[in-house]
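To start, the structure under review is shown below, and the notes come after it.
Residue numbers (the numbering used here): 7 to 519.
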């Protein structure tokens, strides 16, 4: 147990190091990449990536089931049962990988039906090559999904985060090298595939050598298969919803001649900032997913689960409110320095996505709880209905407001589905004390909203388009945010997260005489 706690603590630290690198590196990498690649080629690459991302749905949600059932098999029946479960999922994902590649090839053949009006023949040919490479990469990901899930199920967070840090640092370097040699977007896709192959080999070696596990292929019982498929089906529906939310806007923008690849590029830059907020706020809940599942399996009460949701929700709220209100305050001049002219609408795209996400991102641990409880069916059905409405609304708003209309409709759908409906479900059907959750977490929003409003007023008198003024403004805003939260908002548990490591560093052990 002590080793697991140590793995989790070090894993959290490494995870935030990875997140820090992952969000700092693009500050230097993205402007250079955009300059070398060009706005139109960048939009084409992102359009191809979003189209190919639909292939992830072929897994039918089984990827989210692996960790749960590996842990369940090990906890209930031991190592051999876990290896048999690993063998079952390995066979399933081998089939999924083959189907993915075949569907990817079919996708290549029909791209012209959607994009011949908005893309040139040269762009369409490049897109076909990109989709082929990215489809192969997706199939490879599926092939090795069980091995990666084994490492997660055993809570080997140190290895996981070292692999993530390596990927975060190496990928941009590879991309810049291929761009400098003139290989453009196709070179980026190939470098991603090569790195992916190497990483998967490392995971396989770690699973077999360090964890001492191997897949045992045996005929599973019909009951087990039925249970897994029943559980995964609603994950699959949720994944369909995720694709409709995350990728359909880009796919539709690329099909409109007036927007096409340039619109995709600008929209994606706005989405990058929303992605940064998402990754930083869900980091802890992702690491705690195995612990959450164990709590559910061991019979944790609703009060205990609510307490966990509140503690994690408050920590996530500190992060998300700083990032979102800081971006609202300084985002326009920052984007100007970050990627230059031609991306002004990216600010509004980001804001319209970030604000609605301030609700569900502080409740990401609640999602882990209902998945562990196998109560995610309702969520999937609700999200599917709202996502379909989002697609229809986005198509009409795009023709009126362009890419800003697409972001606005997505934000409205998020507020309805992940805000109002899911909070009702967590409260009434899951047993979590959502009233108490928002009493504790909601007060954290007040201070940053006030700070943001004051900063927006001050921006009329200070020119933050001056790089020195912008940097000083961001530093002062962050320092005030930290100090005021420490003095008036944070509780003892949250303060001790920072105090205890400092005490260990500065408190020297006494020498025995």
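Glycine included, C-beta positions come from ideal geometry on N, C-alpha and C.
Report the three-state DSSP secondary structure of residue i (helix, strand or coil).
i: residue 28; result: helix
i: residue 7; result: Unreliable placement is indicated for residue 7, whose pLDDT of 46 sits below 50; the coordinate value is still reported in the next sentence. The answer is coil: DSSP assigns residue 7 none of H, G, I, E or B.
i: residue 115; result: helix
i: residue 480; result: helix
i: residue 405; result: helix
i: residue 379; result: coil
i: residue 421; result: helix
i: residue 519; result: Per-residue confidence for residue 519 stands at a pLDDT of 46, beneath the threshold of 50, marking its modelled position as unreliable; the derived number appears in the next sentence. In this structure, residue 519 counts as coil in the three-state DSSP scheme.
i: residue 494; result: helix
i: residue 87; result: helix
i: residue 508; result: helix
i: residue 20; result: helix
i: residue 472; result: coil
i: residue 128; result: helix
i: residue 155; result: helix
i: residue 371; result: helix
i: residue 223; result: coil
i: residue 467; result: coil
i: residue 104; result: helix
i: residue 136; result: helix
i: residue 501; result: helix
i: residue 304; result: coil
i: residue 187; result: coil
i: residue 281; result: helix
In the DSSP assignment, find the unbroken alpha helix (DSSP H) run with residue i in it and report its ends.
i: residue 160; result: No alpha helix (DSSP H) holds residue 160; DSSP gives it neither H nor E.
i: residue 439; result: Neither: residue 439 is in no alpha helix (DSSP H) and is coded neither H nor E.
i: residue 350; result: Segment: none, residue 350 is in no alpha helix (DSSP H) and carries neither H nor E.
i: residue 63; result: Looking at the DSSP string, residue 63 is not in any alpha helix (DSSP H), and its letter there is neither H nor E.
i: residue 330; result: 308-345
i: residue 201; result: 190-211
i: residue 453; result: 452-464
i: residue 257; result: 254-261
Is the beta carbon of residue i less than 7 Å from the beta carbon of residue j?
i: residue 391; j: residue 415; result: no
i: residue 393; j: residue 276; result: no
i: residue 59; j: residue 285; result: no
i: residue 64; j: residue 102; result: yes
i: residue 418; j: residue 429; result: no
i: residue 532; j: residue 213; result: This structure cannot speak to residue 532, because the chain is shown only from 7 to 519.
i: residue 202; j: residue 140; result: no
i: residue 99; j: residue 148; result: yes
i: residue 495; j: residue 450; result: yes
i: residue 404; j: residue 413; result: no
i: residue 349; j: residue 283; result: no
i: residue 380; j: residue 467; result: no
i: residue 386; j: residue 478; result: no
i: residue 206; j: residue 169; result: no
i: residue 431; j: residue 438; result: no
i: residue 144; j: residue 68; result: no
i: residue 124; j: residue 228; result: no
i: residue 174; j: residue 27; result: yes
i: residue 267; j: residue 46; result: yes
i: residue 159; j: residue 77; result: yes
i: residue 270; j: residue 256; result: yes
i: residue 388; j: residue 425; result: no
i: residue 480; j: residue 336; result: yes
Pull up the CB-CB distance for residue i and residue j, whole angstroms please, since I reckon it's below 8 Å.
i: residue 476; j: residue 340; result: 7 Å
i: residue 42; j: residue 186; result: 7 Å
i: residue 406; j: residue 351; result: Residue 406 to residue 351, Cβ: 14 Å. No contact.
i: residue 219; j: residue 156; result: 6 Å
i: residue 241; j: residue 75; result: At roughly 12 Å, the Cβ-Cβ gap does not stay under 8 Å, so residue 241 and residue 75 are not in contact.
i: residue 321; j: residue 364; result: Not really, about 14 Å apart at Cβ, beyond 8 Å.
i: residue 222; j: residue 86; result: 7 Å
i: residue 142; j: residue 199; result: 6 Å
Would you check if there are 3 or more beta carbon pairs closer than 8 Å linking the region 485-500 to the region 319-335?
At 8 Å Cβ cutoff, the stretches touch.
Check whether the region 101-117 touches the region 128-136, taking contact to mean three or more Cβ pairs, one atom from each stretch, closer than 8 Å.
Yes, they touch.
Are at least three pairs of beta-carbons, each pair with one atom in the region 171-181 and one in the region 91-98, less than 8 Å apart?
Below 8 Å, too few C-beta pairs join the region 171-181 and the region 91-98 to call them touching: fewer than three.
Three or more C-beta pairs under 8 Å: does that hold for the region 303-323 against the region 367-379?
Counting Cβ pairs under 8 Å, three or more are found: they touch.
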